[in-house]
Amino acid sequence: MPKTNFRKIATRRIGREFYHHLQIDTSLLEFIGEIGLLLWRAILNPLRIRFKALLTTIKEVGFDALPIIGLLSFLTGIVLAYQGAVQLQRFGANIFIVDLVSLSLLRELSPLLTAIIVAGRSGSAFTAQIGTMKVTEEIDALRTMGIAPLEQLVIPKLLALIIALPLLTIFADILGILGGMLMAYIELGVGASAFVDRLSEAVSLSSFLTGLAKAPVFAAVIAIVGCFQGFQVTGSAESVGRQTTVSVVQSIFMVIVIDAIFSVIYSLLRI
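Quick note: the sequence shown uses the numbering used here, first residue 106, plus one each step.
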């Protein structure tokens, strides 16, 4: 193939991909704007909120996720304490295992890991549910009946995730610290009473809140991306699977980027 033809094909493909992604980004901004408007209306008039769907979604994304999040957080605390114990034991600083485990979990790991699990578990479910409804033309039926699909399907999911994710993060904090406490006792001989005493000194309210403040932002990102990708389904089962994959990848990527932005902001503010 001549070089000129190859360059033309490559340029067209790059231009086509850029235009496609630009269209998606524009659609996402429009979607966020509509959701923001509907959310503001729901705040002004709470009777517009579908509380039955809200409570059902809180159970699905919150209560049903407790076992997997608790297990992963507990094991994360064990791994952190085990890896830190090897280094701290060399310097006779066994008690500082409490600082290592608690601050790492509260400020960074618990909110991030919880958001990643929820993105893979609940964000994908949002996409699959809405995508399936679009394939079966249920969303068109809602519009025909004069019901706004975004208000019916997206707002309850968004509010449920914003409520549930901070609570899941607190649960992850507790289980992670318990795992660290167990390993600190096994590896370093740090008893529960000594661990708790040091914990009250090492962890301040600001350390706890800096981690917890990330959770609602992560929740909004996961819910918006998951629902948006569901509406991007084009009408086949294959499209549902493809958009579900895109939803999980985008959600996790954006959660990690936002976590990095939070870290920079906290560093600038010296929090």
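Where is the CB? At the ideal position from N, CA and C, for every residue including glycine.
Expressed to the nearest angstrom, what Euclidean distance is found between the alpha-carbon atoms of residue i and residue j?
| i | j | result |
| --- | --- | --- |
| residue 253 | residue 309 | 45 Å |
| residue 303 | residue 175 | 23 Å |
| residue 163 | residue 234 | 16 Å |
| residue 91 | residue 371 | Here the chain comprises residues numbered 106 to 376, so residue 91 is not present and cannot be evaluated. |
| residue 124 | residue 354 | In this prediction, residue 124 has a pLDDT of 46, which is less than 50 and means its spatial position is unreliable; what the coordinates show is noted afterwards. So the two alpha carbons sit approximately 21 Å from each other. |
| residue 347 | residue 241 | 17 Å |
| residue 357 | residue 204 | 28 Å |
| residue 245 | residue 251 | 10 Å |
| residue 239 | residue 336 | 7 Å |
| residue 106 | residue 334 | Residue placement at residue 106 is poorly supported in this model, since its pLDDT is 49, which falls under 50; the coordinates still yield a value, given next. About 38 Å. |
| residue 95 | residue 224 | Since the first residue shown for the chain is 106 and the last is 376, residue 95 is missing from the structure and cannot be characterised. |
Is DSSP giving residue i helix, strand or coil here?
| i | result |
| --- | --- |
| residue 307 | helix |
| residue 338 | coil |
| residue 318 | coil |
| residue 347 | helix |
| residue 123 | With a pLDDT of 48 at residue 123, under the threshold of 50, the modelled position of this residue cannot be trusted; read the value that follows with caution. It is helical. |
| residue 361 | helix |
| residue 370 | helix |
| residue 106 | Any reading at residue 106 must be qualified, since the residue scores a pLDDT of 49, below 50, and its modelled position is unreliable; no value is offered. |
| residue 327 | helix |
Can you name, in chain order, every residue of its own chain whose Cβ lies under 7 Å from the Cβ of residue i, other than the five neighbours on each side?
| i | result |
| --- | --- |
| residue 101 | The requested residue 101 is not part of the displayed model; the chain covers only 106 to 376. |
| residue 268 | 163 |
| residue 133 | 333 |
Report all residues from its chain with a CB closer than 8 Å to the CB of residue i; omit the five preceding and five following residues, and keep chain order.
| i | result |
| --- | --- |
| residue 363 | 319, 322, 323, 326 |
Can you find the residues in the same chain that come closer than 6 Å, C-beta to C-beta, to residue i, ignoring five residues on each side of it along the sequence?
| i | result |
| --- | --- |
| residue 307 | 203, 204, 207 |
Check your understanding: Which ranges does the beta strand (DSSP E) cover as unbroken runs of at least 3 residues, wholly within the stretch 169 to 233, from first to last along the chain?
Key -> As for any beta strand (DSSP E) of minimum length 3 sitting wholly inside the stretch 169 to 233, there is none.
Exercise for review: Just list the alpha helix (DSSP H) runs in the stretch 234 to 297, keeping only unbroken ones of 4 residues or longer that don't cross its boundaries, in chain order.
Suggested key: 243 to 249, 260 to 293
Check your understanding: Where are the alpha helix (DSSP H) runs, 4 residues long or more, that stay fully inside the stretch 131 to 172, in chain order?
Key -> 156 to 166
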